[in-house]
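J.: Below is a structure I'd like to ask you about.
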Amino acid sequence: MPKNFYITTPIYYPSAKPHMGHAYSSIIADFFARFKRIDGFDVNFLTGTDEHGLKIQRAAEKKGLETLKFCDEISKTFRDLSKTLNLTNTDFIRTTEDRHKNSVQNLWKELEKNDDIYLSKYSGWYSVSDEAFYTDDEIEEIDGKKLSKISKSPVEWMDEESYFFRLSKWEKPLLDYYEKNPEFISPKARRNEVISFVKGGLKDLSVSRKSFSWGIPVPSNNEHVIYVWLDALTNYISALNYPDMDNELLNKYWPANVHLIGKDILRFHAVYWPAFLLAANIPLPKKVYGHGWILSGEEKMSKSKGNILDPIEIIDQYGLDPLRYYLIKEVSFGNDGNISKDRLEDCINSDLANNYGNLCQRVTAFTIKNCEGKIPKDIEFNQDDLIILDKFKDNINLIRKKIDELDLNFYIEFIVNSLFEANKYFNDQEPWKKKGDIKRLNTIIFTTLEIVRKISFMLYPIIPQSSLNALKIFSINENQIDFSTIDNHNYLSKLDVINKIDILFKKIEKQND
Ligand code: MSP
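Its first residue numbered 0, the sequence shown is counted upward by one per residue in numbering that gives the first Met the number 0.
What follows is the structure, given as structure tokens:
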């Protein structure tokens with residue numbers, strides 16, 4: 000089986016600076032990309048910015064900037080954020096690039112050729128903020144304003160000539176596809192939502208706009224620009240050089256393994272996108288995962304609600320890895336989650352500084368003092384040692400399976416439990432009382448060091464820099480991190496010296512402590 004893996008984030012609207020919700024999507028995608036890489040996969044990881052449409056055109060007008068110049072500036076803040084978040088994306092696509100425009104126009108031509116596109120007129124509601132069409136039943140009126148019931152964003156009436164995509168034709172093939180591929184939409188609850196939406200009947204979809212020009216022109220009619228979602232979704236293949244179907248990237252990485260998205264954009268990814276692909280005879284992605292929202296209080300964090308938490312501020316105050324750890328551990332993956340500084344500080348103090356950092360320091364100091372700073376060689380595992388070591392060996396394939404199901408919660412729980420057990424093991428074994436039994440003392444130290452190594456390997460996708468800092472104990476570098484070795488109890492026997500390392504996490508003095 001080829002060990003290739005392709006994961007994507009949504010491409011972000013550069014209508015305003017990135018916020019914590021965007022950082023969340025990207026960090027989670029980076030987690031999976033890093034895990035797959037240390038498990039021997041060749042990973043393609045795509046992110047980028049979604050720059051066309053009325054939303055962006057209006058945002059630029061508001062700032063009094065020429066639209067492309069506006070996009071250049073804000074797209075750069077997203078690109079910079081990728082570096083700040085230590086993402087390992089292999090590409091960053093902008094929908095204003097020629098490679099993308101060319102790809103979208105080709106997909107359009109393909110749909111047209113297959114008679115999936117026709118010219119008509121759209122009369123109905125449109126939300127510029129969501130770049131989405133809504134039916135009468137999806138609209139409510141609050142304080143004299145018409146809003147989408149789903150997103151609560153304002154809608155405006157639209158009445159114009161438009162090309163349509165024959166979405167209705169794909170209702171049955173889509174339902175068949177969902178049925179045959181139960182893993183396609185995750186988590187399960189969201190799959191059910193999508194299925195009942197499609198079963199409710201699909202209407203043909205308006206896929207062009209005539210009343211503004213900030214978009215990719217319809218190839219056969221320059222008066223229209225292509226609907227921004229048809230444009231945006233194509234990024235996932237334009238980055239692989241579509242329409243060149245024989246090129247290496249497309250062959251290697253398509254269909255994508257995972258489109259990671261927020262739950263608000265599931266309909267576009269689980270209904271429209273697969274329908275476009277079916278119509279163009281292109282294989283469908285293997286999985287679309289709709290994660291929950293980062294909330295501020297009870298509400299989704301978003302620019303229009305003015306309740307934004309700036310990831311950069313949090314990183315400046317606490318550091319990147321604590322933020323990555325916090326988002327992965329404290330926001331139950333798949334559900335909404337609140338972010339609070341108080342809980343972030345608890346995570347730093349108890350999980351990172353106490354349970355992980357302190358264990359690394361303790362065992363290193365102990366080895367330096369009692370074993371001349373060398374990995375002990377004369378050892379013999381007893382039942383207690385094997386119980387804690389075997390946990391990794393026994394679960395290695397289960398962990399892989401859970402990762403394939405994107406069960407991030409299982410992964411982090413496994414680590415948290417392992418850290419707890421490792422600390423308990425070290426305390427219970429009381430190596431400081433074993434100075435008269437060198438072999439036993441050596442074995443306890445060796446076992447604890449092995450556990451620190453295994454846990455540091457597993458922490459690498461979550462807190463990459465801190466994991467690398469910890470692995471300096473063994474002089475293990477990034478290229479040597481290999482998940483398939485976590486079942487090896489004797490990995491360290493081939494190594495020699497132990498190094499003292501700097502404190503991994505500084506404890507935060509809490510005001511109420
Ligand atoms: N441009 C479209 C996506 C096109 S993909 C072909 C878009 N952009 S967005 O900038 O509005 O949102 C990008 C992603 O960020 C979405 O997955 C969205 O769910 C996510 N988030 C935006 N706010 C969020 C939170 N408060 N919490 C978590 N994620 C949220 O939609």
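Just so it is clear, CB atoms sit at the ideal spot from N, CA and C, and this is done for glycine as well. Being a predicted model, the structure only gives us computed values, none of them experimental.
At a cut-off of 8 Å, is Gly291 close to ligand 1 when judged by its beta-carbon and the heavy atoms of the ligand?
T.: The answer is yes for Gly291.
J.: By DSSP, does Pro216 sit in helix, in strand, or in coil?
T.: strand
J.: Ligand 1 heavy atoms versus the CB of Ile502: any closer than 8 Å?
T.: no
J.: Is the beta carbon of Asp79 within less than 8 Å of some heavy atom of ligand 1?
T.: no
J.: Strictly by DSSP, which residues pair up with His258?
T.: Thr7 and Val287
J.: Pro551 and Leu283 look like a contact to me (Cβ under 8 Å); what is the Cβ gap, rounded to whole Å?
T.: Residue numbering for the chain in the displayed model covers 0 to 512; residue 551 lies beyond these limits and cannot be assessed.
J.: Examine ligand 1 and report whether any of its heavy atoms sits within less than 8 Å of the Cβ of Gly20.
T.: yes
J.: Report back the beta-carbon spacing between Asp230 and Val103 to the nearest angstrom; my notes put them in contact at under 8 Å.
T.: 5 Å
J.: Could you check which residue in Lys62, Ile378 and Val362 has the C-alpha nearest to that of Gly372?
T.: Val362
J.: Comparing the CB of Gly214 with every heavy atom of ligand 1, is any distance shorter than 8 Å?
T.: no
J.: Taking 8 Å as the cut-off, is the C-beta of His268 nearer than that to any heavy atom in ligand 1?
T.: Flag set: Cβ of His268 near ligand 1.
J.: Please tell me whether Glu449 and His488 are closer than 9 Å, where the distance is taken between their beta carbons.
T.: yes
J.: Tell me whether Lys75 counts as near ligand 1, meaning its Cβ is closer than 8 Å to at least one heavy atom of that ligand.
T.: no
J.: Per DSSP, Pro153 forms a beta bridge with which residues?
T.: According to DSSP, which records beta bridges pairwise, Pro153 is partnered with Leu146.
J.: What are the boundary residues of the alpha helix (DSSP H) that includes Val270?
T.: Looking at the DSSP string, Val270 is not in any alpha helix (DSSP H), and its letter there is neither H nor E.
J.: Is the beta carbon of Ile215 less than 9 Å from the beta carbon of Lys100?
T.: Yes, Cβ-Cβ distance for Ile215 and Lys100 is below 9 Å.
J.: Quick one: is the Cβ of Pro310 within less than 8 Å of any heavy atom of ligand 1?
T.: no
J.: Could you tell me the distance, in whole angstroms, from the CA atom of Ile194 to the CA atom of Ala469?
T.: 46 Å
J.: I'd like the span of the beta strand (DSSP E) that includes Phe77, first residue to last.
T.: The continuous stretches of beta strand (DSSP E) do not include Phe77, which lies in the alpha helix (DSSP H) extending over residues Thr66 to Thr83.
J.: At a cut of 8 Å, does the region 389-409 reach the region 6-17 through at least three beta carbon pairs?
T.: Result no; under three Cβ-Cβ pairs closer than 8 Å.
J.: Quick one: residues in its chain with C-beta nearer than 7 Å to the C-beta of Asp495, no 5 flanking neighbours on either side, listed in chain order?
T.: The residues Lys373 and Ile374, in chain order, have a CB closer than 7 Å to that of Asp495 in the same chain once the five nearest residues on each side in sequence are set aside.
J.: Who pairs with Lys373 in a beta bridge, going by DSSP?
T.: Val496
J.: Helix, strand or coil, according to DSSP, for Leu239 in the structure here?
T.: Correct three-state label for Leu239: coil.
J.: Looking at C-alpha atoms only, which residue of Lys471, Pro463, Asn441 and Leu503 is the closest neighbour of Ser492?
T.: Asn441
J.: In the structure shown, what three-state DSSP assignment does Gly333 receive?
T.: coil
J.: Grab me the residues of Pro310's own chain with a C-beta within less than 6 Å of its C-beta, minus the 5 sequence neighbours each way, in chain order.
T.: Met19 and Ala22
J.: On the premise that Ala278 lies in contact with Asp107, defined as a C-beta separation below 8 Å, what is that separation, rounded to the nearest angstrom?
T.: The displayed chain sequence assigns Trp, not Asp, to residue 107. Trp107 to Ala278, Cβ: 11 Å. No contact.
J.: Quick one: is the Cβ of Ser219 within less than 8 Å of any heavy atom of ligand 1?
T.: no
J.: Looking only at DSSP bridge pairs, what is Asp158 linked to?
T.: Ser122
J.: Looking at the secondary structure, which residues open and close the alpha helix (DSSP H) in which Val415 lies?
T.: Leu407 to Gln428
J.: Note down, in chain order, each residue of its chain lying with its Cβ closer than 7 Å to the Cβ of Ile398, except the 5 sequence neighbours on either side.
T.: Tyr410 and Phe413
J.: Nearest CA to the CA of Leu53: which residue from Met457, Ser210 and Gly289?
T.: Ser210
J.: At a threshold of 8 Å, does Ser331 count as lining ligand 1 (C-beta to nearest heavy atom)?
T.: no
J.: Alpha carbons only, please: which of Phe380, Arg98 and Gln464 is nearest the one belonging to Tyr235?
T.: Arg98
J.: Nearest to Phe132 by CA position, among Ser25, Phe267, Lys251 and Phe44, is which residue?
T.: Phe267
J.: Taking only the alpha-carbon atoms, compute the straight-line gap between Trp213 and Ser81 and give it to the nearest angstrom.
T.: 26 Å
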